[in-house]
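These notes concern the structure reproduced below.
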Amino acid sequence: MSRFGSVVMPSENLRWETLQALQSSPKGRITFDARWSERGEDILSGCKEALSLSPRSGVVLERLGSLPLHRSGFRGSSSGGSSPGLSEELPASIFSSGSIPDSSISTKHSPLSAAPPSSNEQGVSDEAKDENPDSDVCEVSSPPSPPPISLLSPKAMETAGRIIRFEEEHREKAKLAVRLRQEIQEKLVAAVASAESEQLKRFEELMELKQRQEYQSMRDMMDRETKESMGRQEKLKEEQRHRMKILNLRLREAEQQRLREAEHERQRQAEGKERLRTLNTIQEEILQLNQLLEPSSQTKSDFPAASLSSYSTRGNQLCSQVSEVVRKTAEGEFPSVEDMTVAERALHEMRALIRLMQEEAAEAQEKKRKEQEEEEEHRKQAELQAQQEAQKKAAQSAKEKAQKKGLQNSAEDVTRKWFKELQESAAQCAEAIEQLNSPKDAQTKKLKLELQKAATIPISQISSNSGSQLREIFDKVDKLLSGRAVVSGGRSVSTSQHPQGLDFVCYKLAEKFVKQGEEEVASHHEAAFPIAVVASGIWELQPRVGELFLAHLHKKCPYAVPHYPPMKDGTAVEEYQRILGYRVDDAGVEGQDSFLKRMSGMIRLYAAIIQLRWPYGSKQGSVPHGLNHGWRWLAQMLNMEPLADITATLLFDFLEVCGNALMKQYQIQFWKLILLLKDEYFPRIEAVTSSGQMGSVIRLKQFLQTSLQSRQISPPKGQLGSAFWRS
11 MSRFGSVVMP SENLRWETLQ ALQSSPKGRI TFDARWSERG EDILSGCKEA LSLSPRSGVV
71 LERLGSLPLH RSGFRGSSSG GSSPGLSEEL PASIFSSGSI PDSSISTKHS PLSAAPPSSN
131 EQGVSDEAKD ENPDSDVCEV SSPPSPPPIS LLSPKAMETA GRIIRFEEEH REKAKLAVRL
191 RQEIQEKLVA AVASAESEQL KRFEELMELK QRQEYQSMRD MMDRETKESM GRQEKLKEEQ
251 RHRMKILNLR LREAEQQRLR EAEHERQRQA EGKERLRTLN TIQEEILQLN QLLEPSSQTK
311 SDFPAASLSS YSTRGNQLCS QVSEVVRKTA EGEFPSVEDM TVAERALHEM RALIRLMQEE
371 AAEAQEKKRK EQEEEEEHRK QAELQAQQEA QKKAAQSAKE KAQKKGLQNS AEDVTRKWFK
431 ELQESAAQCA EAIEQLNSPK DAQTKKLKLE LQKAATIPIS QISSNSGSQL REIFDKVDKL
491 LSGRAVVSGG RSVSTSQHPQ GLDFVCYKLA EKFVKQGEEE VASHHEAAFP IAVVASGIWE
551 LQPRVGELFL AHLHKKCPYA VPHYPPMKDG TAVEEYQRIL GYRVDDAGVE GQDSFLKRMS
611 GMIRLYAAII QLRWPYGSKQ GSVPHGLNHG WRWLAQMLNM EPLADITATL LFDFLEVCGN
671 ALMKQYQIQF WKLILLLKDE YFPRIEAVTS SGQMGSVIRL KQFLQTSLQS RQISPPKGQL
731 GSAFWRS
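Sequential numbering of the sequence shown, starting at 11, is according to the numbering used here.
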């Protein structure tokens, strides 16, 4: 602005005319409003309009152009000789009106537009070119504009400058607001685009979910239809299988009915044949029994003639009844059940006749024997006292002789005689049941097997589970021995079906009891008591079983007599080992451990039997084989020379089972015997025992020491108490 300071306007009035001309122009009508930015209006809209001067402004410019000071005034601006008032007013007029570039455009409408530009105009245009670089293009394409004219006062110029600065500040604020709005708009657009993108993704996911759901529903529907179809097919198959099953059942029932009819016919034929064979057997047995009714020399002497004649007549009548039944079957038909009933009734009556005849014969013989005994009784009474004194002297002398020479090597004569009698009785029983024990026909063989099962199976079932179970077993055996029918293997069987049936059952029972001792008791010592109590009860009801039991026991275990059989000349070693109780087979002689185990089991069973009694018996008579036999066995064992390994084992087993009962029965005498065993007999056992056989000796020694120290022998393990019989 200093370069315009040397310009001196010729007249002040020209300025106001110029201002009035500019005020009447479109640029002069621009209004300023401080709140334009709040309303969002564009403040530059008025500046962008084309400038135009009125005809009056052209006259003013023409006057100004004739002044000679214009050029010199602009030249002086470069040298600094301008007036300060003009230099301050010119830029203000230029920047306030903005007429420099616009006047060049609007002068073409003015009458002064054809005049050549002056130097002042050239200077102003150069300065405007510096401030507006865009005017270079206008200078090339259009003629130079006239120089600007400063018309304002310094104060107006200052005001115009402030207005321009204010406008520019607001323009910058407007640009900044525009940029902010643009950024906000861009962010809003980006947010909307992002939201739309997310919404599009959700929409796509929703559509995909719907597609999956539709696909799953279609798949479920297809699966459901498939399952329903398969269910219908399965139902049809099941109905078909059901119909086939019903058809097969009907066919099977028809086939079973046919088989039942065939089986019924076959069974009817078999039963008929069986009844025929039974009838023949009954006829044969009746004829044999009838022969026993025939009078013989012995029966004639025992029976009166009337009794023999009545028995014989009745026997012939029974034979005739059976012969009549047999005669009915001669035409090829099988005997009926009624015919068999008649024949069996005749057989039972024949057996009853034989039994009555034998009882009468026994009574007659007993009467005759009593008469003979009465005749000899007086003779024997005289000899009895002398014989007793002789026996006492013989016993005393034998005792003294034994003390001098040592113990016996064999049993006493009475014991050996008893042993021999039992063996002979068992042999006679075995011979009597030979016909049933070794049957030749199938019917007898079948009866033998059924009787053997009925006798031995209950004994095998004996256990210490409960007293009620043990009582059932005993009642079943008692029922069999009493001749009543019992069920065995689903069939009914009784000893009355064969003349030797009772002896056969007694023999097998005794044999089974001994076998249980050498097997079951040998393995489980506590099993001796339930087996022994049943054996004792049966022994009491049927003494024949007890005699056969002792015979079998003495044969398998001669040390239970006690008896040490001597080896006779000519006896083979294996045979002598069998006599001693060893098992001898093709593999050789059994081992010593197995032999001692079996002997121990049988001695334990025997020791349990002599102290037990069946709790549900009559208990009126004496015990068939009581503790007195145990005392006898123990005393005789101590009177015999001990055997290595055997004597110590059997003494320990016997005392462990029966020692408590003997102690209660004999008290002081028993303790004397135990003391004798420890002090005198035990050293003899140690003397004959080798170092490898000391196990049983040590057990016996500890038992004796414990018993003598406590003066008590504990009850054996497994003994049956009162609680057992209530179970």
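No residue lacks a Cβ here, since even glycine has one placed at the ideal position from N, Cα and C.
Asked                                                                                                                                                                                               : Found
Between which residues of its own chain and residue 478 is the CB-CB distance below 8 Å, once the five residues before and five after are set aside?                                                : 737
Give the straight-line distance between the Cα atoms of residue 244 and residue 250, rounded to the nearest whole angstrom.                                                                         : 9 Å
Express the C-alpha separation of residue 167 and residue 181 in angstroms, rounding to a whole number.                                                                                             : 20 Å
Taking the alpha-carbon of residue 286 as reference, which of 607, 453, 588 and 593 has the nearest alpha-carbon?                                                                                   : 453
So, using beta-carbon positions, are residue 522 and residue 470 closer together than 9 Å?                                                                                                          : yes
Could you check whether the stretch 529 to 547 touches the stretch 598 to 613, counting it as contact only if at least three pairs of C-beta atoms, one from each stretch, sit closer than 8 Å?     : yes
My guess is that residue 443 and residue 510 are in contact by the Cβ rule of under 8 Å, so how many angstroms apart are they, rounded?                                                             : 5 Å
DSSP state of residue 110, grouped into three classes?                                                                                                                                              : With a pLDDT of 36 at residue 110, under the threshold of 50, the modelled position of this residue cannot be trusted; read the value that follows with caution. Note: residue 110 maps to helix in three-state DSSP.
Hey, residue 597 and residue 664: beta-carbon distance below 9 Å or not?                                                                                                                            : no
Grouping DSSP H, G and I as helix and E and B as strand, with all else coil, what is residue 627?                                                                                                   : coil
What span of residues does the beta strand (DSSP E) with residue 498 cover, start to end?                                                                                                           : 496 to 498
Report the rounded CA-to-CA distance for residue 705 versus residue 604, giving the unit in angstroms.                                                                                              : 15 Å
Could you spell out where the beta strand (DSSP E) holding residue 503 opens and where it closes?                                                                                                   : 501 to 503
With DSSP run on the structure shown, which of helix, strand or coil describes residue 577?                                                                                                         : coil
Please classify residue 367 as buried or exposed, where buried requires at least 16 neighbouring CB atoms within 10 angstroms.                                                                      : buried
In whole angstroms, give me the CA-to-CA distance for residue 707 and residue 641.                                                                                                                  : 21 Å
Once you ignore the five residues that flank residue 339 on each side, which residues in its own chain have a CB closer than 6 Å to its CB?                                                         : 345
Where does the unbroken alpha helix (DSSP H) through residue 429 begin, and where does it stop?                                                                                                     : 423 to 442
Here's the rule: buried if 16 or more other CB atoms are within 10 angstroms of the residue's CB, otherwise exposed. What is residue 358?                                                           : exposed
With DSSP as the reference, identify every bridge partner of residue 598, one or two as the case may be.                                                                                            : 595
Determine the direct distance from the alpha carbon of residue 554 to that of residue 516, and round the result to whole angstroms.                                                                 : 7 Å
Considering only the alpha carbon of each residue, which of 282, 696, 565 and 501 lies closest to residue 431?                                                                                      : 565
Going by other Cβ atoms of all chains shown within 10 Å of its Cβ, with 16 needed for buried, is residue 225 buried or exposed?                                                                     : exposed
Does residue 332 pass the burial test, meaning 16 or more other C-beta atoms within 10 Å, or should it be called exposed?                                                                           : buried
Starting from the C-beta of residue 563, find all residues in its chain whose C-beta is less than 7 Å away, skip the five residues before and the five after it, and write them out in chain order. : 524, 570, 612 and 616
Could you check how far apart the C-beta atoms of residue 536 and residue 283 are, in whole angstroms? I think they sit under 8 Å.                                                                  : Contact doesn't hold; Cβ gap of about 50 Å is too wide.
Whole angstroms are fine: how far does the CA of residue 265 sit from the CA of residue 255?                                                                                                        : 15 Å
Exposed or buried, residue 652, counting other C-beta atoms within 10 Å across all chains shown (16 or more means buried)?                                                                          : buried
Going straight from the alpha carbon of residue 200 to that of residue 210, what length do you get?                                                                                                 : 15 Å
Evaluate residue 519 with the Cβ neighbour count: other Cβ atoms within 10 Å of its Cβ, from every protein chain shown; 16 or more gives buried, anything less gives exposed.                       : buried
Less than 9 Å separating the beta-carbons of residue 457 and residue 497?                                                                                                                           : no
Going by DSSP, what residue range makes up the alpha helix (DSSP H) through residue 588?                                                                                                            : 583 to 590
In terms of residue numbering, what span does the alpha helix (DSSP H) encompassing residue 669 cover?                                                                                              : 656 to 676
With residue 698 as the anchor, note down where its alpha helix (DSSP H) starts and where it stops.                                                                                                 : 692 to 698
Just to check my reading of the structure: residue 350 and residue 328 have Cβ atoms closer than 8 Å, yes? What is that Cβ distance to the nearest angstrom?                                        : Their Cβ separation, rounded to whole angstroms, is 15 Å, which puts residue 350 and residue 328 out of contact at 8 Å.
Considering only the beta carbon of each residue, do residue 647 and residue 572 sit closer than 9 Å?                                                                                               : yes
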